[in-house]
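Last residue of the sequence shown: 172 in the numbering used here, with the numbers rising by one and none dropped. Built from N, CA and C at the ideal position, the CB exists for glycine as well. Each remark here refers to the structure printed beneath this line.
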Amino acid sequence: MPDALNPTPCTRQRLRVVLAKPGLDGHDRGAKVIARALRDAGMEVIYTGLRQTAEQIVSAALQEDADVIGLSILSGAHNHVCPRVMALLRAEGLGDVLVLVGGIIPAQDIPRLHAIGIKGVFLPGTPMQAIVDFIGEHVRRDAAAAPEVLAARVRPA
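Printed below as a string of structure tokens:
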């Protein structure tokens, strides 16, 4: 039952973003800059930290009732990590969560990322406002969509 501490998606006002650094990449300055920009734009950001597995990222998204998952990848592991994250999201009934990837992504890999369900790919130098605007345009917050979102996330006990 929802209450002030555990609101449902249709009563919550702020978008919730889980931001993660998957794999062995140890550089997170960019992720922290993105986190700050999203917070400044009024979003609630949950930064999971360095060296996250796909399972940890999806678990955090499930626990935090995330609207968005942002993956910051500089190591070149996007072709390994992203398909796993997307498969786990679908298995958990979270196929409606907007997934974004930022970092060092070769141009030839971008179509494959889009094909598996990654909606946004942001390369170094992307203006922060472009990321904020993209999230705002791609996450449906209107009340008419809320029952569908709730139904998609309900799993048998």
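Own chain, CB closer than 7 Å to residue i, minus 5 neighbours either side, in chain order
i	result
S90	G38, L39 and D40
D148	none
A69	P37, V96, R99, V100 and L103
H129	none
H42	L89
Close beta carbons around residue i, own chain, < 8 Å, minus the five adjacent residues each side
i	result
M143	V48, I49 and A52
A160	The predicted model places A160 with a pLDDT of 47, which falls under 50 and marks its position as unreliable, so this point remains unresolved.
A19	The predicted model places A19 with a pLDDT of 48, which falls under 50 and marks its position as unreliable, so this point remains unresolved.
D157	Note on D157: pLDDT 39, under 50, position unreliable in the model; no value is reported.
Beta-carbon spacing of residue i, residue j below 8 Å
i	j	result
V154	I133	no
L138	I120	yes
Whole-angstrom C-beta distance between residue j and residue i, which should lie under 8 Å
i	j	result
E59	L77	Not quite, the Cβ-Cβ distance comes to about 16 Å (not below 8 Å), so this is no contact.
E79	V33	6 Å
V83	L113	5 Å
According to DSSP, residues forming a beta bridge with residue i
i	result
G135	L115
A35	L86
I72	Beta-bridge pairing links I72 to no other residue.
I173	A query on residue 173 cannot be resolved here, the shown segment of the chain reaching from 16 to 172 and no further.
Q67	P37
**Study point:** Validate contact between the stretch 51–66 and the stretch 90–100 using beta carbons, cut 8 Å, 3 pairs
**Key:** no
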